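**Q** Each residue of the sequence shown is one higher than the last, beginning at 38 in this note's numbering.
Ideal Cβ positions, reconstructed from N, Cα and C, are used throughout, including at glycine.
Note that the structure is predicted; figures quoted are calculated from it, not measured.
A single structure is presented below for examination.
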Amino acid sequence: MTTKEAGSGENLERLNANLAKVEELSQRLVTAMSHRKAANPTLNAPDQEMFAKAASTYWTRMMQNPAHMFETQLEYWGQSVKHFIEAQQALASGKLEAPEDHTPDDRRFANPLWKSHPYFNFIKQQYMMNAQAIEKAVSEIDDMSPREKKRLEYFSRQIIDMLAPTNFLSTNPDALERAVATDGESLIKGLENLVADIEANDGEMLVRLADESAFKLGENIATTPGQVVYRNRMMELIQFAPTTDKVHAIPLIIFPPWINKYYIMDLKPENSLIKWVTDQGFTLFIVSWVNPDETYRDVGLEDYITDGYLTAFREVKAITGQKQVNTVGYCIAGTTLSMVLSLLKHRGDKSVKSATFFTALTDFSEQGEFTPFLQDDFIDGIEAEVAENGVLRSFIMARTFSFLRSNDLIYGPAIKSYMMGEAPPAFDLLYWNGDGTNLPARMVVEYLRWLCQENRFAEGGIDLMNDRLHLADVDLPVCLIACETDHIAAWKDSYRGAQGMGSKDRTFILSQSGHIAGIINPPTKKKYGHYMNEDMSLASEDWKAGATFHEGSWWPRWGEWLAKRSGKMVDAREPGDSGHPVLCPAPGIYVL
38 MTTKEAGSGE NLERLNANLA KVEELSQRLV TAMSHRKAAN PTLNAPDQEM
88 FAKAASTYWT RMMQNPAHMF ETQLEYWGQS VKHFIEAQQA LASGKLEAPE
138 DHTPDDRRFA NPLWKSHPYF NFIKQQYMMN AQAIEKAVSE IDDMSPREKK
188 RLEYFSRQII DMLAPTNFLS TNPDALERAV ATDGESLIKG LENLVADIEA
238 NDGEMLVRLA DESAFKLGEN IATTPGQVVY RNRMMELIQF APTTDKVHAI
288 PLIIFPPWIN KYYIMDLKPE NSLIKWVTDQ GFTLFIVSWV NPDETYRDVG
338 LEDYITDGYL TAFREVKAIT GQKQVNTVGY CIAGTTLSMV LSLLKHRGDK
388 SVKSATFFTA LTDFSEQGEF TPFLQDDFID GIEAEVAENG VLRSFIMART
438 FSFLRSNDLI YGPAIKSYMM GEAPPAFDLL YWNGDGTNLP ARMVVEYLRW
488 LCQENRFAEG GIDLMNDRLH LADVDLPVCL IACETDHIAA WKDSYRGAQG
538 MGSKDRTFIL SQSGHIAGII NPPTKKKYGH YMNEDMSLAS EDWKAGATFH
588 EGSWWPRWGE WLAKRSGKMV DAREPGDSGH PVLCPAPGIY VL
């Protein structure tokens, strides 16, 4: 037998083995998909009326000014035909090369073949022209409200991104090169990854962003020593062990968002905000929220306030023997904390000495990048979804957040995993990002309708706890940290909410980076700086223009602010007391 014949035999054997794997994986895929319980269909796309109105507006514009529309179309046709001719001429020269390419740089098209190979270059340039034509057509539609226009722009961009040639095997040179180099093994691994993801998500296709097997809570992630000292149906209260001989008398309680889990602040020792806080001499408690199931259907904002915030204040005061606490609210937990502070003011309760807000929205008059999802068609769909299931399932929230950065969080990872056959990275932040939680039905509807859509708290007041709560009631010392590129809680919206508070003692810090990296920004990294400006009477743009930029993390600046409001130094406290026996070590059981 010749070498070639032997090689052919090996290739045939490998091909048969791969075909057998494909059959097995196909059966697993069918089984996994049979368990799928799809989300309400109205959550998959906007009301078709939006596109119909856009088409009608475009047609009306054409009838009123046909010359402009013909000019636009001829420009697009001219570019397409000109490019086709240039590609033909390049091939006719006898050289396998692409015509001249003036398209902008795009990291999706980093492979040199996108520029040098005539096939891939032709596809890329045509895609760029099509995308530009769609964007231009949308931009010229003017007979829509700003909100409708923003939605149209968003969903048009989603269509453009979805149709990128990189998302299809036959037009992705990276995936094709890998398939050839591995004799198709990369495609089999990719199919294995796809099936595993669908199996892990009950029939839904959510691409894994991190290697879940690389992390175990309490062992190599969420490892700061602490104890669960209280538990009820809504939360576990964790008290962290002191690392200093003396601590500030007034304890600190952090309320993380219940959309995700608390250990974003304790990924590893070198970037753990929790460890850093205890190292500064603070007695730190943190709330670990329960991950609700359908039995929490009727849990609303009042339950989070009563069994979460008010209970945590009561128990921490009892454990530490203090009359006051300092507190932090992160994201939605900050939004709710501001309502709690209004309630305490009305009750004459001075349990909270100061409050800090991490990337929290309290004024929803601008909906930012969430505008596409905060209109009645989507909220109606969510109401129907939670009415059926009792909770807003975590994958729906994860999918929504991912589509705000679809190329980074959906298509890019899917290409690497499903086309290239790569295993997801062992990245702690992405592991946490995929460890989502459900949201109770009643709370979801209250939050979306009363706050996001109607902006009751900042405008007329929100009726909760037999009281009417208002943003202006928040009048104790506050420190607010927003992040410059935050796409979830835009810093200008956080700033506007801070201006609406009644506090005379207000500090606003603008960190570089986004919703997570701007907050989890340890001083040792020396990565992101922050802006400061004491004059909060200014408009947001003027505030930033007049702000002083400081190198490095905002953590030490906040630590100094907090220390001034945390009382004298006392002997360090071990977790729990006689009335609060240790229930289990941190990170507790609710986080699991």
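1) Could you give the distance in angstroms between the alpha-carbon of residue 292 and the alpha-carbon of residue 398?
2) With 16 other CB atoms within 10 Å as the buried threshold, where does residue 67 fall?
3) In this structure, what does DSSP give as the bridge partners for residue 391?
4) Looking at residue 474 and residue 312, is the spacing between their C-beta atoms short of 8 Å?
5) Rounded to a whole number of angstroms, what is the C-alpha to C-alpha distance between residue 151 and residue 161?
6) Is the beta carbon of residue 79 closer than 8 Å to that of residue 418?
7) Going by DSSP, what residue range makes up the beta strand (DSSP E) through residue 454?
8) Considering only the alpha carbon of each residue, which of 352, 569 and 572 lies closest to residue 612?
9) Compute the Euclidean distance between the alpha carbons of residue 40 and residue 50, then round it to the nearest angstrom.
10) Among residues of its own chain, excluding the 5 on either side of residue 691, which ones have a beta-carbon nearer than 8 Å to its beta-carbon?
11) Less than 8 Å between the CB atoms is what I'm expecting for residue 275 and residue 614, so what's the real figure, rounded?
12) Would you call the region 487-499 in contact with the region 323-330, where contact means no fewer than 3 C-beta pairs closer than 8 Å?
13) Take residue 153 and list the residues in its own chain whose beta-carbon comes closer than 7 Å to its own, dropping the five residues that flank it on each side.
14) How would you call residue 616, buried or exposed, if buried means at least 16 neighbouring beta carbons within 10 angstroms?
15) Keeping to the same chain, check which residues put their C-beta closer than 6 Å to that of residue 403; ignore five residues upstream and five downstream.
16) Should residue 621 go down as buried or exposed, given a rule of 16 or more other Cβ atoms within 10 Å for buried?
17) Assuming residue 422 contacts residue 174 under a Cβ cut-off of 8 Å, what Cβ separation, rounded to an integer in Å, is found between them?
18) Please determine, among 305, 455 and 381, the residue with the shortest C-alpha to C-alpha distance to residue 501.
19) If you draw a straight line from the alpha carbon of residue 444 to that of residue 197, how long is it in whole angstroms?
20) Please look up how many angstroms separate the CB atoms of residue 375 and residue 482, rounded, as I've assumed it's under 8 Å.
21) Spatial neighbours of residue 606 within its chain, please: CB distance less than 8 Å, with the 5 preceding and 5 following residues excluded, ordered by chain position.
22) Taking its Cβ as the centre, do 16 or more other Cβ atoms sit within 10 Å of residue 257, making it buried, or is it exposed?
23) Can you tell me the Cα-Cα spacing of residue 321 and residue 279, whole angstroms?
24) Hey, out of 158, 379, 188 and 182, whose CA is closest to residue 172's CA?
25) Out of 628, 219 and 250, state which residue places its alpha-carbon closest to the alpha-carbon of residue 233.
26) Should residue 273 and residue 627 be called a contact, given that it needs their Cβ atoms to be closer than 8 Å?
27) If distances are taken between C-alpha atoms only, which option among 427, 547, 358 and 492 comes closest to residue 480?
28) Compute the beta-carbon to beta-carbon distance between residue 373 and residue 338, rounded to the nearest angstrom, for a pair I have assumed lies under 8 Å.
29) Expressed to the nearest angstrom, what Euclidean distance is found between the alpha-carbon atoms of residue 271 and residue 277?
**A** So, from the listed chains and residues:
1) Cα-Cα distance, rounded: 15 Å.
2) exposed
3) Answer by DSSP bridge pairing, in chain order: 363.
4) no
5) 7 Å
6) yes
7) No beta strand (DSSP E) holds residue 454; DSSP gives it neither H nor E.
8) 352
9) Caution applies to residue 40, whose pLDDT of 37 falls short of 50 and renders its modelled position unreliable; the model cannot decide the point.
10) Within the shown structure, residues of the chain are numbered from 38 to 629, placing residue 691 beyond reach of any answer.
11) Between residue 614 and residue 275 the Cβ distance is about 15 Å, and since that is not below 8 Å, they are no contact.
12) Two segments are said to touch when three or more pairs of C-beta atoms, one from each, lie closer than 8 Å; by this definition the region 487-499 does not touch the region 323-330.
13) Leaving aside the five residues that flank residue 153 on each side, the residues in its chain whose CB is nearer than 7 Å to its CB run, in chain order, 134 and 135.
14) Counting Cβ neighbours within 10 Å, residue 616 comes out exposed, since fewer than 16 surround it.
15) 530
16) exposed
17) No, residue 422 and residue 174 are not in contact; Cβ-Cβ is about 33 Å, not under 8 Å.
18) Cα-wise, what sits closest to residue 501 is 381.
19) 11 Å
20) No, residue 375 and residue 482 are not in contact; Cβ-Cβ is about 20 Å, not under 8 Å.
21) 283, 284, 285, 286 and 318
22) Of the residues assessed, residue 257 falls on the exposed side of the cut-off, its CB having fewer than 16 other CB atoms within 10 angstroms.
23) 8 Å
24) 188
25) Of the candidates 628, 219 and 250, the one whose C-alpha sits nearest the C-alpha of residue 233 is 250.
26) yes
27) 427
28) About 7 Å; that satisfies the 8 Å criterion.
29) 20 Å
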